[in-house]
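In UniProt numbering, the protein residues as written are 1 to 357. Yeah, the Cβ is synthetic: ideal placement off N, Cα and C, and Gly gets one too. A quick note: this is a predicted structure, and the numbers were derived from the prediction, not measured.
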């Protein structure tokens, strides 16, 4: 393992030198990529130092015990040896998972799109519940959310809502939320007390930088219109809302949340760029899927991934067969346990494939 970690240390030292070079700083794309690699390797270098310290502690403790001339020192050495041996297997596992090649998309910010599916008004209300759940989770993580566009449901919630999330390793954390979320509960509009099943679709798009996707603005039709809904009431007499249509692909992106037409245009362009980027990413994931079958694929947006059963207070993720019986807490943004389990299964699959050890 130390041989592998020595290579990591050499690469870390190399990057540490590169990111202060003027020509690298001037190349924005390369500078961003190297900075992301620096952050990833920094964690491994720290673990390497801990591994070396533990190894040295074990060797020194064994030498003192073998010498046996000082009973008090021997006793202390035995305690130190026990602590080091207890920590070592856990540390080795942590290092193994950190050595798994990281998806370069994981560090990106995201655009999250939630759309009401089957279930009419109840599906829109559920889409609103999911939006609240994710924004509360992001708030707890210290991430910033920004509403991009919304289309409200007639009885509450949203027919569609799009928001941006910025922070550290956002895509790597939220990507497994993509898919169909199903809810089983008695709707507010139901007078007979019957349980209905409704659904909402969640899409998580890695936010593309300008250097990731080059858009020829001659291929984009831009329409301006009056904003509507709570976000646009104060400006619905001016054409501040923006809709962009990418003619070659037919992709559409719009934003009406900001009062400034210029800001709405910038946000709509970011959404359009991310959708084009995700289209290319989906092709790559499809190619990868032919080589291997992942239990927790983040690419199939038509797959039913999770059920929220209100009668039983249960959330079940069908990909890993995990049920959590804390529906109130979950809907209030306490979703970290589910995310960690999904990440663990995915990393375990990658570990088996990587043949690092």
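Quick check on this structure: which residue in the options has the alpha carbon closest to the alpha carbon of residue i?
{"i": "residue 345", "options": "114, 332, 325, 317", "result": "317"}
{"i": "residue 3", "options": "99, 87, 63", "result": "99"}
{"i": "residue 43", "options": "55, 57, 85, 95", "result": "95"}
{"i": "residue 243", "options": "167, 156, 264", "result": "264"}
{"i": "residue 348", "options": "214, 97, 73", "result": "97"}
{"i": "residue 160", "options": "177, 168, 150", "result": "150"}
{"i": "residue 129", "options": "253, 152, 33", "result": "152"}
{"i": "residue 309", "options": "90, 195, 247, 342", "result": "195"}
{"i": "residue 258", "options": "239, 247, 166", "result": "239"}
{"i": "residue 104", "options": "33, 117, 91, 88", "result": "33"}
{"i": "residue 279", "options": "303, 24, 252", "result": "252"}
{"i": "residue 62", "options": "84, 52, 41, 199", "result": "84"}
{"i": "residue 303", "options": "142, 117, 134", "result": "117"}
{"i": "residue 147", "options": "214, 26, 267, 325", "result": "267"}
{"i": "residue 122", "options": "28, 1, 156", "result": "156"}
{"i": "residue 260", "options": "247, 275, 225", "result": "225"}
{"i": "residue 248", "options": "227, 217, 241", "result": "217"}
{"i": "residue 120", "options": "142, 187, 139, 58", "result": "187"}
{"i": "residue 254", "options": "113, 183, 277, 324", "result": "113"}
{"i": "residue 170", "options": "182, 183, 181, 137", "result": "137"}
{"i": "residue 277", "options": "223, 337, 214, 326", "result": "214"}
{"i": "residue 182", "options": "135, 127, 145", "result": "127"}
{"i": "residue 275", "options": "28, 250, 37", "result": "250"}
{"i": "residue 331", "options": "86, 135, 31", "result": "135"}
In the DSSP assignment, what residue or residues form a beta bridge with residue i?
{"i": "residue 254", "result": "243"}
{"i": "residue 324", "result": "315"}
{"i": "residue 114", "result": "161, 202"}
{"i": "residue 181", "result": "200, 306"}
{"i": "residue 152", "result": "158"}
{"i": "residue 147", "result": "163"}
Could you give the distance in angstroms between the alpha-carbon of residue i and the alpha-carbon of residue j?
{"i": "residue 16", "j": "residue 49", "result": "17 Å"}
{"i": "residue 292", "j": "residue 14", "result": "Because residue 292 carries a pLDDT of 48, less than 50, the predicted location of this residue cannot be relied on, and no value is offered for it."}
{"i": "residue 197", "j": "residue 163", "result": "25 Å"}
{"i": "residue 282", "j": "residue 19", "result": "31 Å"}
{"i": "residue 125", "j": "residue 158", "result": "6 Å"}
{"i": "residue 172", "j": "residue 64", "result": "46 Å"}
{"i": "residue 306", "j": "residue 179", "result": "8 Å"}
{"i": "residue 230", "j": "residue 256", "result": "Residue confidence for residue 230 is low, a pLDDT of 49 falling below 50, so the modelled location carries little weight; the figure read from the coordinates is stated next. Rounded to the nearest angstrom, the two C-alpha atoms are 10 Å apart."}
{"i": "residue 192", "j": "residue 166", "result": "43 Å"}
{"i": "residue 311", "j": "residue 190", "result": "15 Å"}
{"i": "residue 22", "j": "residue 35", "result": "14 Å"}
{"i": "residue 1", "j": "residue 91", "result": "11 Å"}
{"i": "residue 77", "j": "residue 9", "result": "30 Å"}
{"i": "residue 46", "j": "residue 88", "result": "15 Å"}
{"i": "residue 227", "j": "residue 241", "result": "5 Å"}
{"i": "residue 39", "j": "residue 353", "result": "24 Å"}
{"i": "residue 200", "j": "residue 185", "result": "14 Å"}
{"i": "residue 340", "j": "residue 174", "result": "10 Å"}
{"i": "residue 5", "j": "residue 209", "result": "31 Å"}
{"i": "residue 337", "j": "residue 327", "result": "13 Å"}
{"i": "residue 68", "j": "residue 75", "result": "10 Å"}
{"i": "residue 144", "j": "residue 56", "result": "43 Å"}
{"i": "residue 323", "j": "residue 284", "result": "31 Å"}
{"i": "residue 28", "j": "residue 212", "result": "11 Å"}
{"i": "residue 223", "j": "residue 108", "result": "29 Å"}
{"i": "residue 115", "j": "residue 101", "result": "33 Å"}
{"i": "residue 73", "j": "residue 93", "result": "31 Å"}
Between which two residues does the alpha helix (DSSP H) harbouring residue i extend?
{"i": "residue 35", "result": "28 to 67"}
{"i": "residue 17", "result": "2 to 18"}
{"i": "residue 129", "result": "120 to 141"}
{"i": "residue 79", "result": "71 to 98"}
Taking residue i and residue j to be in contact with their CB atoms under 8 Å, please state how far apart those CB atoms are, rounded to whole angstroms.
{"i": "residue 221", "j": "residue 245", "result": "4 Å"}
{"i": "residue 177", "j": "residue 202", "result": "5 Å"}
{"i": "residue 342", "j": "residue 320", "result": "6 Å"}
{"i": "residue 41", "j": "residue 11", "result": "6 Å"}
{"i": "residue 207", "j": "residue 270", "result": "7 Å"}
{"i": "residue 133", "j": "residue 315", "result": "Not really, about 10 Å apart at Cβ, beyond 8 Å."}
{"i": "residue 313", "j": "residue 140", "result": "That pair is no contact at about 21 Å."}
{"i": "residue 79", "j": "residue 205", "result": "So it is not a contact: roughly 52 Å between Cβ atoms."}
{"i": "residue 81", "j": "residue 52", "result": "With 8 Å as the limit, residue 81 and residue 52 do not qualify as a contact, their Cβ atoms being about 16 Å apart."}
Return the first residue and the last residue of the beta strand (DSSP E) that residue i is part of.
{"i": "residue 176", "result": "Here residue 176 belongs to no beta strand (DSSP E), and DSSP marks it neither H nor E."}
{"i": "residue 159", "result": "158 to 166"}
{"i": "residue 202", "result": "196 to 206"}
{"i": "residue 304", "result": "304 to 309"}
{"i": "residue 223", "result": "220 to 225"}
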